[in-house]
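Residue numbers (UniProt numbering), protein chains in the order written: chain W, 1 to 161; chain A, 1 to 161.
Protein chains: 2
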Amino acid sequence: MSNRDQSLPHTVSGTSNSGDALPPIGEHVRQYETVRNAHETELIEDYVELIGDLIQHRGEARAADIASRMGVSQATVSKMIRRLNELGLVTSKPYRSLFLTEEGQKMAEVSRARHDIVLHFLRALGVNDHTARIDAEGMEHHVSNETLSIMQRFIDQQTQR
Amino acid sequence: MSNRDQSLPHTVSGTSNSGDALPPIGEHVRQYETVRNAHETELIEDYVELIGDLIQHRGEARAADIASRMGVSQATVSKMIRRLNELGLVTSKPYRSLFLTEEGQKMAEVSRARHDIVLHFLRALGVNDHTARIDAEGMEHHVSNETLSIMQRFIDQQTQR
DNA sequence: CATAATTGTTAGCCAAGGCTAAACTATTTG
DNA sequence: CAAATAGTTTAGCCTTGGCTAACAATTATG
């Protein structure tokens, strides 16, 4: 319960959709399903992405760093790592630092790439860096590849000129 | 566990962020916190938004419709309605259709407006309608007001010319 | 108008992702 | 090298948001 700002940007001028019919049921269901599914993977992807980043920038990923970066208790991280293990995304020996499996690395790359596109896109759009970072973190898991491609094209246009 | 498409749109050309430093800890934590918070409100907002839509388009909102639109069991909806009640967002008498409280209506409007902006923005960007609807449903809860304003401006530019 | 069908509720289950407290392991340092 | 400190794990608790199955109320129909 809490949103970073209550005031809405005015109103949708000349673009009101409020009169639009509801989507046909089947489609509507699929929309919500997609969101529910994304939900399941989001956290996993965030962990894997962060672990990848830590390895890349710090040389290793330790549970304590993950906990402090995520703003979450070490116990929570520990439990999560067990899950990532079961999912075959990381390997870990007790009390030692983590490694990504092949699959984990692939996921980290994909997430990282998506994240970057969304972030750069928002900046290219004119969103300030700080906000762009926050929005990107939330949005990345909900952007289809079609939209990603279009975002990439937009970035290219803005920068290459 | 499942994403609608594995292939990545090529790569971030000339915009690689992978070499960027990690954000400073405090900021990083706030990014994740924002996402976790959004998470908590998302579902609530989706229900309220849908209830608002049903009332507007159908004249009333019944649990069965919500269940079938959301692709979820009636029991789940029933439980959720109890929560919305406790949160002061809807009023309901057993076996009767639902109404939004003042606060619920306000939330529905805000959500609807946000949703519309994101959807129209995606379409204006060139995303096809079907994909735009799916992406909008997931993205809407993660877009700051700053970004919304910019999206709105973009829509205006595209359409008013 | 009595019964069937539809709709709504309740009870009880499960998994996920948080938490704290306690126990254990590793590392640092006096 | 022993003790203190830092890092990790485990146990056990809580809330959310799903589910199914059983029951209750309302509405439709023969």
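Ideal Cβ positions, reconstructed from N, Cα and C, are used throughout, including at glycine.
Check: Segments of 4+ residues assigned as alpha helix (DSSP H) that fall wholly inside the segment 104-146 of chain W; Outcome: 129-139
Check: For Phe99(W): DSSP bridge partner residues; Outcome: Thr91(W)
Check: Below-9 Å beta-carbon distance, Ala64(A) vs any chain W residue; Outcome: no
Check: Contact list for Gln31(W) against chain A, beta-carbon separation under 8 Å; Outcome: Arg133, Ile134 and Glu137
Check: Span separating the alpha-carbon of residue 192(W) from that of His142(W); Outcome: Outside the displayed range of chain W (1 to 161) lies residue 192(W), so it cannot be described from this structure.
Check: Short CB-CB distance (under 9 Å) between Val90(W) and chain A; Outcome: no
Check: Exposure of Ser111(W), with buried meaning 16 or more beta-carbon neighbours within 10 Å; Outcome: buried
Check: Cβ-Cβ separation, Leu22(A) to His130(W) (assumed contact under 8 Å), whole Å; Outcome: Between Leu22(A) and His130(W) the Cβ distance is about 15 Å, and since that is not below 8 Å, they are no contact.
Check: Nearest candidate by alpha-carbon position, reference Lys93(W), set Tyr32(W), Ser68(W), Ala61(W) and Glu102(W); Outcome: Ala61(W)
Check: C-alpha gap between Met70(A) and Leu84(A), whole angstroms; Outcome: 16 Å
Check: Proximal residues to Ala38(W) (C-beta, below 6 Å), its chain only, five neighbours per side dropped; Outcome: His141 and His142
Check: Enclosing alpha helix (DSSP H) for Arg30(A) [first to last residue]; Outcome: Ile25 to Arg58
Check: Asp135(W) classed as buried or exposed, judged by whether at least 16 other C-beta atoms fall within 10 angstroms; Outcome: buried
Check: Chain A contact residues for Leu122(W), given Cβ-Cβ distances below 7 Å; Outcome: Thr147
Check: Residue range of the unbroken alpha helix (DSSP H) whose run includes Ala75(W); Outcome: Gln74 to Glu86
Check: DSSP state of Tyr21(W) mapped onto helix, strand, coil; Outcome: The question names Tyr, but residue 21(W) in the sequence shown is Ala. If DSSP states are grouped into helix, strand and coil, Ala21(W) belongs with coil.
Check: Candidates Leu43(W), Thr34(W), Arg36(W) and Asp156(W): closest to Arg36(A) by CA position; Outcome: Leu43(W)
Check: Span separating the alpha-carbon of Tyr95(A) from that of Ala108(A); Outcome: 23 Å
Check: DSSP beta-bridge partners of Ala67(A); Outcome: Its beta-bridge partners do not exist; DSSP assigns none.
Check: Supposed contact pair Leu100(W) and Val48(W) - C-beta distance, whole angstroms, cut 8 Å; Outcome: 7 Å
Check: With 16 other Cβ atoms within 10 Å as the buried cut-off, status of Glu137(A); Outcome: buried
Check: Under 9 Å between C-beta atoms of Val72(A) and Glu146(W); Outcome: no
Check: Per-residue DSSP class, three states only, for Arg4(A); Outcome: Note that Arg4(A) scores a pLDDT of 45, beneath 50, so its modelled location is shaky and nothing firm can be said.
Check: Environment of Gln74(W) [buried if 16+ CB atoms lie within 10 Å]; Outcome: exposed
Check: Ile155(W) classed as buried or exposed, judged by whether at least 16 other C-beta atoms fall within 10 angstroms; Outcome: buried
Check: Inter-residue Cα distance where the pair is His10(A) and Ile150(W); Outcome: For His10(A), the predicted model reports a pLDDT of 47, less than 50, meaning its position is unreliable; a value from the coordinates is still stated below. About 12 Å.
Check: Cut-off 6 Å between Cβ atoms - residues of its own chain near Gln158(W), not counting five sequence neighbours on either side; Outcome: Ala124
Check: Interface flag, Val48(W) vs chain A, CB-CB below 9 Å; Outcome: no
Check: Through-space distance from Ser68(W) to Glu86(A), alpha-carbon basis; Outcome: 34 Å
Check: Distance between Glu102(W) and Ile55(W) (C-alpha atoms, nearest Å); Outcome: 14 Å
Check: CB contact below 9 Å: Phe154(A) versus chain W; Outcome: yes
Check: Any chain W beta carbon closer than 9 Å to Val127(A); Outcome: yes
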